[in-house]
Amino acid sequence: MTVDNFVSTPITIFGKTYHVKAEASAELDELARFVDSKIRELAPSQSKTATIDLAVLTALNIAQDLFDAKEGALKSNPKSGPSIRELETQAGSLVKNVEDQLERIHKAKDKKR
Numbered sequence: 004m005t006v007d008n009f010v011s012t013p014i015t016i017f018g019k020t021y022h023v024k025a026e027a028s029a030e031l032d033e034l035a036r037f038v039d040s041k042i043r044e045l046a047p048s049q050s051k052t053a054t055i056d057l058a059v060l061t062a063l064n065i066a067q068d069l070f071d072a073k074e075g076a077l078k079s080n081p082k083s084g085p086s087i088r089e090l091e092t093q094a095g096s097l098v099k100n101v102e103d104q105l106e107r108i109h110k111a112k113d114k115k116r
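Okay, structure coming up:
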């Protein structure tokens with residue numbers, strides 16, 4: 004996948020459409036549905052929480068799920084799989100990506116005001 008193949012691809016999460024620079028794919032749609040379902044799981048228990056805060060909580064929950072899955076995989080087969088350092092790097096990268104996207108959303112929202 005090269006940057007030249009990226010197009011503005013619409014995805015909808017928690018009732019809002021975002022245009023993501025990526026290759027349009029079924030996987031991207033599946034990821035968007037997954038994130039949407041995770042936010043909706045939290046929403047009823049966090050009824051007074053801002054959408055941005057729900058997104059951060061969702062990112063943390065997904066990161067925790069990733070860590071748990073990797074840890075389980077390592078326990079069942081310790082020789083295969085990434086090291087703890089690699090997992091920490093991947094999780095940090097995921098959190099950074101979510102933070103960057105949230106910052107862009109905030110800036111876009113502020114421009115509209």
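Numbering-wise, this note's numbering puts 89 at position 86 of the sequence shown, and it's gapless, one number per residue.
Ideal placement from N, C-alpha and C gives every residue a C-beta, glycine not left out.
On a predicted model such as this, the values are computed, not experimentally measured, just so you know.
Item to complete: Could you name the residues of the same chain whose beta carbon sits closer than 8 Å to that of L97, not counting the 5 residues immediately before and after it, in chain order?
Response: Translated into positions along the sequence shown, residue 97 becomes position 94. In its chain, beyond the 5 residues on either side, A62, I65, A66, L69 have a beta carbon closer than 8 Å to the beta carbon of L97.
Worksheet item: Are D32 and I16 touching if we call contact CB-CB under 8 Å?
Response: Stepping through the sequence shown from its first residue, residue 32 is reached at position 29. Stepping through the sequence shown from its first residue, residue 16 is reached at position 13. It is not a contact, given that the beta carbons lie outside the stated cut-off.
Discussion item. Measuring only the C-alpha atoms, how far is I167 from S86?
Written reply: Nothing can be reported for residue 167, as the shown portion of the chain is limited to 4 through 116.
Practice prompt. Look at the alpha carbon of F9 and the alpha carbon of E26, and state the distance between them as a whole number of angstroms.
Written response: The sequence position of residue 9 within the sequence shown is 6, counting from 1. The sequence position of residue 26 within the sequence shown is 23, counting from 1. Rounded to the nearest whole angstrom, the C-alpha separation of F9 and E26 is 5 Å.
Practice prompt. Using only alpha-carbon positions, find the residue among K99, V59, Q93, I42 that is nearest to G18.
Written response: On the sequence shown, position 15 is the one that residue 18 refers to. Comparing Cα positions, the closest option is I42.
Practice prompt. Would you tell me roughly how many angstroms separate the C-alpha atoms of E106 and L45, rounded to the nearest one?
Written response: In the sequence shown, the residue the question calls residue 106 occupies position 103. In the sequence shown, the residue the question calls residue 45 occupies position 42. Cα-Cα distance, rounded: 21 Å.
Worksheet item: Can you tell me whether DSSP reads T54 as helix, strand or coil?
Response: As a first step, residue 54 is located in the sequence shown; it is residue number 51 there, counting from the start. T54 sits in a helix when the DSSP states are folded into three classes.
Worksheet item: Where I55 and S40 are concerned, what is the direct C-alpha to C-alpha distance, given to the nearest angstrom?
Response: As a position in the sequence shown, residue 55 is number 52, starting the count at 1. As a position in the sequence shown, residue 40 is number 37, starting the count at 1. In this structure, the alpha-carbon of I55 lies about 15 Å from that of S40.
Worksheet item: What separation, rounded to the nearest whole angstrom, lies between the Cα atoms of L90 and K99?
Response: By one-based count along the sequence shown, residue 90 stands at place 87. By one-based count along the sequence shown, residue 99 stands at place 96. Rounded to the nearest angstrom, the two C-alpha atoms are 14 Å apart.
Discussion item. If you reduce the DSSP assignment to three classes, tell me which class S28 lands in.
Written reply: Here residue 28 refers to the residue found at position 25 of the sequence shown. Secondary structure at S28: coil, using DSSP grouped into helix, strand and coil.
Practice prompt. Per DSSP, which residues does I65 bridge with? Please list them.
Written response: For the purposes of this step, residue 65 is taken as the residue at position 62 of the sequence shown. Beta-bridge pairing links I65 to no other residue.
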